[in-house]
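Residue numbers for the sequence shown follow UniProt numbering, beginning at 1 and rising by one. Note that beta-carbon positions come from the ideal geometry of N, C-alpha and C, so glycine has one too. Data first, discussion second: the structure below is written as structure tokens.
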Amino acid sequence: MIKNDLFLKALKGESVERPPVWMMRQAGRYLPEFMAIKEKYDFFTRCRTPELAAEITVQPIRIVKPDAAILFSDILVIPQAMNIDVEMKPGFGPWVPNPIRSAKDVEQVVIPEINEELGYVMDAIRLTKEMLDDQVPLIGFAGSPWTILCYAVEGQGSKNFDTAKGFCFSQPEAAHALLQKITDTTILYLKEKVKNGVNAVQIFDSWGGMLSPVDYQEFSWKYINQIIEALSEVTEVIVFGKGCWYALGEMSKSKASAIGVDWTCSPENARKLTGGQITLQGNFDPSRLLSPIPDIKKMVHQMIDAFGKDKYIANLGHGILPNIPVDHAKAFIDAVKEYQAK
Numbered sequence: 001m002i003k004n005d006l007f008l009k010a011l012k013g014e015s016v017e018r019p020p021v022w023m024m025r026q027a028g029r030y031l032p033e034f035m036a037i038k039e040k041y042d043f044f045t046r047c048r049t050p051e052l053a054a055e056i057t058v059q060p061i062r063i064v065k066p067d068a069a070i071l072f073s074d075i076l077v078i079p080q081a082m083n084i085d086v087e088m089k090p091g092f093g094p095w096v097p098n099p100i101r102s103a104k105d106v107e108q109v110v111i112p113e114i115n116e117e118l119g120y121v122m123d124a125i126r127l128t129k130e131m132l133d134d135q136v137p138l139i140g141f142a143g144s145p146w147t148i149l150c151y152a153v154e155g156q157g158s159k160n161f162d163t164a165k166g167f168c169f170s171q172p173e174a175a176h177a178l179l180q181k182i183t184d185t186t187i188l189y190l191k192e193k194v195k196n197g198v199n200a201v202q203i204f205d206s207w208g209g210m211l212s213p214v215d216y217q218e219f220s221w222k223y224i225n226q227i228i229e230a231l232s233e234v235t236e237v238i239v240f241g242k243g244c245w246y247a248l249g250e251m252s253k254s255k256a257s258a259i260g261v262d263w264t265c266s267p268e269n270a271r272k273l274t275g276g277q278i279t280l281q282g283n284f285d286p287s288r289l290l291s292p293i294p295d296i297k298k299m300v301h302q303m304i305d306a307f308g309k310d311k312y313i314a315n316l317g318h319g320i321l322p323n324i325p326v327d328h329a330k331a332f333i334d335a336v337k338e339y340q341a342k
């Protein structure tokens, strides 16, 4: 049994003494211990070496002590397994040398044998579970099919992903074929993660907010919902769509256990849009962790008051920034642990 199961209780909607807390991207770049590993090994070596991935996953549990661990990996291991070459260029970010631009390109994309192509992720999960020793739950994750398509078609990060959107709008059949392949692969991948020991999964729709509400339904949500439907039979599913406040109502009607909220949507609006029945996660502005520590603690308590202590998981509204001092990250976690309902 997991000793600290607050996170799992909140996902199931049970009443808790205080909300659980973790931070997106908590295993990483704000920690000096992570940077020491980063100096020795390139990005995908860290992802593909189970001992390194497990160590990086467990570091924040030792140092800032959140209520859940999230496996160190990347959303782009999926396209790599699907015969799409993805590199990580230092100081630049993701780079796809041969981006997908046609139906013919889509034909070359495969639905892989998960354990052959992504067995290293499963090895990392098993090793991480050993190291965690049931202290806290472990979260597995994947990118949404739309977000993966954005990188695969654009070829790199972008402020607006115009090339990716243009591909979807000018070649919808090819786009939907690609989205379906990514969806099928993601379902197989996440199910395998659950088999190997993760206690919940999160779907990151990092670029969902690039789409209009109508286009979001067609090119993102219907594929995310396929993943939720398949995974909700075997585990708890969290969906996080950055910039997707307009889809919160639709998301709340799905079989997801929780919905992530970014900092552009107030707790009150998030509760209103989702009908008040589903667990919400978020939504502290990551930049606000640069505020003085007393301010962080005060704002965290205000955030919990606004969401309510039940059916709520305290988190950031997006990933932690690399320039956040460790004591400020710890103050965020501690503020949640110190919270007492009024």
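CB-CB length for residue i against residue j, believed under 8 Å
i    : j    : result
D309 : P19  : At residue 309 the sequence reads Lys, which differs from the Asp that was named. K309 to P19, Cβ: 5 Å. Contact.
S257 : F204 : Rounded, the Cβ-Cβ distance is 16 Å, inconsistent with contact.
L71  : P94  : At roughly 19 Å, the Cβ-Cβ gap does not stay under 8 Å, so L71 and P94 are not in contact.
A329 : K297 : Going by Cβ atoms, the distance from A329 to K297 rounds to 13 Å, so no, they are not a contact pair.
N315 : W22  : 6 Å
G178 : V106 : The amino acid occupying residue 178 in the given sequence is Leu; Gly does not appear at that position. Right, their Cβ atoms sit about 5 Å apart.
Euclidean distance between Cα positions of residue i and residue j
i           : j    : result
Y216        : F161 : 14 Å
I100        : E87  : 15 Å
E236        : G319 : 21 Å
A53         : A124 : 6 Å
G209        : E250 : 15 Å
residue 356 : F284 : The structure shown does not extend to residue 356, since the chain is modelled only from 1 to 342, so the question has no answer here.
K242        : D134 : 31 Å
L188        : I114 : 7 Å
F332        : P97  : 39 Å
M1          : R62  : 20 Å
A27         : P60  : 6 Å
C150        : A164 : 5 Å
E116        : V239 : 27 Å
S220        : A142 : 14 Å
Y223        : S170 : 19 Å
S254        : H176 : 21 Å
D42         : E33  : 15 Å
F92         : V326 : 24 Å
M35         : R29  : 6 Å
V214        : V261 : 20 Å
Proximity of residue i and residue j at Cβ, strictly below 7 Å
i           : j    : result
K181        : I111 : yes
S252        : I278 : yes
A69         : V121 : no
R288        : N196 : no
residue 345 : D74  : Lying outside 1 to 342, the shown extent of the chain, residue 345 is not represented and no answer is given.
T147        : S206 : yes
A81         : L31  : no
I313        : Q340 : no
W263        : G317 : yes
K337        : G13  : no
N83         : V109 : yes
P292        : L321 : no
DSSP state of residue i mapped onto helix, strand, coil
i    : result
A285 : Checking the displayed sequence, the identity of residue 285 turns out to be Asp instead of Ala. Residue state, collapsed to three classes: coil.
S131 : Before going on, a small fix: residue 131 reads as Met here, not Ser. Helix.
V198 : coil
T235 : coil
T264 : coil
M88  : strand
P172 : helix
F34  : helix
P112 : coil
V214 : helix
I75  : coil
Q156 : strand
A314 : strand
A81  : helix
T147 : helix
D205 : strand
I320 : coil
G140 : strand
V64  : coil
I2   : coil
W221 : helix
G249 : helix
Residue i, buried or exposed, once every other Cβ within 10 Å from all chains shown has been counted against 16
i    : result
N199 : buried
Q202 : buried
P79  : buried
K193 : buried
E55  : buried
N323 : exposed
K272 : exposed
A270 : buried
D305 : exposed
V234 : exposed
A103 : exposed
E154 : buried
T45  : exposed
A10  : buried
P172 : exposed
D67  : buried
Cutoff 7 Å: residue i Cβ touching any chain C Cβ
i   : result
Y41 : This model lacks chain C altogether; it includes just one protein chain.
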